[in-house]
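Worksheet: the structure to be examined is printed underneath.
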Amino acid sequence: MNKKIVSLAIAAALAAPMALQAAPTVYGKINYTVEKDNNMDEAGWSMGDSTSNFGIKGSEDLGNGLKAIYKIEYSLTSATQGTLGNNGLVKGRNTYVGLAGDFGTALLGRHDTPYKIAADSLDPFANTTADQDVNTGGPHGMFNERRLGSVIAYISPSMSGLTLAGAISLVETGAVDNDADELGNVYSLAGMYSNGPIYAGLGYEVVKDDTWTALGVANAESEKRTRLGLGYTINSIKLAIVAAKVESISGVKDSDSTTAKAYATFGFGSSAVKLGYGQQTVEAAGASDLDHKVVTVGLDHNLSKSTKVYAIYDSYDKDDTGSTGDFDTIAFGLQHKF
366 MNKKIVSLAI AAALAAPMAL QAAPTVYGKI NYTVEKDNNM DEAGWSMGDS
416 TSNFGIKGSE DLGNGLKAIY KIEYSLTSAT QGTLGNNGLV KGRNTYVGLA
466 GDFGTALLGR HDTPYKIAAD SLDPFANTTA DQDVNTGGPH GMFNERRLGS
516 VIAYISPSMS GLTLAGAISL VETGAVDNDA DELGNVYSLA GMYSNGPIYA
566 GLGYEVVKDD TWTALGVANA ESEKRTRLGL GYTINSIKLA IVAAKVESIS
616 GVKDSDSTTA KAYATFGFGS SAVKLGYGQQ TVEAAGASDL DHKVVTVGLD
666 HNLSKSTKVY AIYDSYDKDD TGSTGDFDTI AFGLQHKF
């Protein structure tokens, strides 16, 4: 799991020695699904984009153990946009420049927050229609992991399996500067420990009240998120649990939540069966608590090291009468990495 942490935090450019001014690496992933949601009409099949992306990354040896690193990455949704036209969509993902050495890694740009990195690798349904960032969080975003621009981040070297990370961000709330655009209006911290079959990650993130006030929230309070992830691997079996507590959701006073999701993955040959179960309770002032549940079952089959097919069934029981309501989704996907 330590390799996953490194790749999420500082990119694979740090994993191996590279020649002076080495050529950049081009990489990517095409990942699409055909899906059926029972909230749609009888003909309600759609094509889903599950985080297809492309990018370049690399490093330059500066001498004395110091490297310059960089990464430019974009998401692709062109296959699911504009069936009768050509209005494909490209969005920015992790894009940064930084320095790396024995001291760790420091970077500037756009990047996943340490809160996200702390438990993101534990989700076996990551980057699919059943990603924990999508179904468990619902409209309240309890696992709505952030990728922020205007970030200054630091990731420590591994210290006997322990890696620390921290980031601060200048939140842009409008087209012109205002009092909310201050460095540190969002700050995020994480500690990650990986040793053999054991993994543990703890993340903490704060979005200060000034930001929510500038976005129009009356009597805003600072939103605080805490997340704990635990994982254990036994041969071809992987077990994990992720739990989160959020206070003052989106800056709204007395709006809190708790969320937990458990996972199990059973590998056999070139295939794997994946299971997930999650619960979420949302509390709001003057309203009854809402309890949501989600059950997910998946099957992966690897055709090669780079290509796989998969199927997912996802059932979400939402405890309210909102427009999204309960749903059951089936999805069949094909993914290729290059």
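Residue numbers for the sequence shown follow our numbering, so the first one is 366 and each next one is one higher.
All C-beta atoms in this analysis are idealised placements derived from N, C-alpha and C, irrespective of residue type, glycine included.
None of the values given here were measured: they were computed from a predicted structure.
In this structure, DSSP gives Thr-578 a helical state, which the three-state scheme calls helix. Unbroken beta strand (DSSP E) runs of no fewer than 3 residues, entirely contained in the region 385-440, are found at 390-402, 410-414, 417-428, following chain order.
Nearest to Ala-388 by alpha-carbon distance, out of Thr-416, Asp-402, Gly-423, Glu-400, is Gly-423. Pairing His-657 with Lys-683 gives a Cβ-Cβ distance under 7 angstroms. Contact fails between the region 599-607 and the region 573-591, because fewer than three Cβ pairs, one in each stretch, are under 8 angstroms apart. Inter-residue distance for Pro-522 and Ala-625 is about 29 angstroms (C-alpha atoms, whole angstroms). Around the CB of Asn-550, 16 or more other CB atoms lie within 10 Å, so the residue is classed as buried. Secondary structure at Ala-609: strand, using DSSP grouped into helix, strand and coil. For Ser-559, the secondary structure class from DSSP, reduced to helix, strand or coil, is strand.
Contact annotation, Arg-475 with Thr-460: C-beta distance approximately 5 angstroms; criterion of less than 8 angstroms satisfied.
Counting every other CB atom within 10 Å of its CB across the protein chains shown gives Leu-441 a total of 16 or more, marking it as buried. At a Cβ-Cβ threshold of 7 angstroms, Leu-664 and Ala-652 do not count as neighbours.
If you draw a straight line from the Cα of Tyr-678 to the Cα of Leu-427, it is about 49 angstroms long. For Asp-467, same chain residues with a beta-carbon under 8 angstroms away, outside a window of 5 residues either side, are Gly-430, Pro-522 in chain order.
The continuous stretches of beta strand (DSSP E) do not include Lys-573, and DSSP gives it neither H nor E. Apart from the 5 residues on each side of it in sequence, Thr-591 sits with its Cβ closer than 6 angstroms to the Cβ of Tyr-569, Lys-610 in its chain, given in chain order.
In the three-state scheme derived from DSSP, where H, G and I count as helix and E and B as strand, Ala-583 is classed as coil.
Judged by their CB atoms, Glu-400 and Asn-418 are not nearer to each other than the 7 angstroms cut-off. It is roughly 14 angstroms from the alpha-carbon of Arg-511 to the alpha-carbon of Asn-492. Between Leu-487 and Leu-529, the alpha-carbon positions lie close to 17 angstroms from each other. In the DSSP assignment, Asp-679 falls within the unbroken beta strand (DSSP E) covering 672-682.
Contact between Val-571 and Glu-588 holds, since their C-beta atoms are separated by about 7 angstroms, short of 8 angstroms. Ile-614: not part of any alpha helix (DSSP H); DSSP gives it neither H nor E. In terms of CA proximity to Val-582, Ser-620 leads the group Ser-411, Ser-620, Ser-636. Just measuring C-alpha positions, the residue of Pro-479, Leu-464, Ala-629 sitting nearest Ile-533 is Pro-479.
With respect to the 7 angstroms criterion, Leu-640 and Val-674 are not classified as neighbours on the basis of their beta carbons. Taking the C-beta atoms as reference points, Ala-565 is found no nearer than 7 angstroms to Ile-482. Here Asp-665 carries a strand assignment [DSSP, helix/strand/coil]. Secondary structure at Ala-465: strand, using DSSP grouped into helix, strand and coil.
For Ser-559, the closest of Gly-531, Leu-567, Gly-526, Tyr-552 by C-alpha to C-alpha distance is Gly-526. A buried status is given to Val-659, since no fewer than 16 other beta-carbon atoms sit within 10 Å of its beta-carbon. Under DSSP, Phe-631 forms a beta bridge with Ile-602, Val-638. Annotated three-state conformation of Ala-650 is coil, per DSSP.
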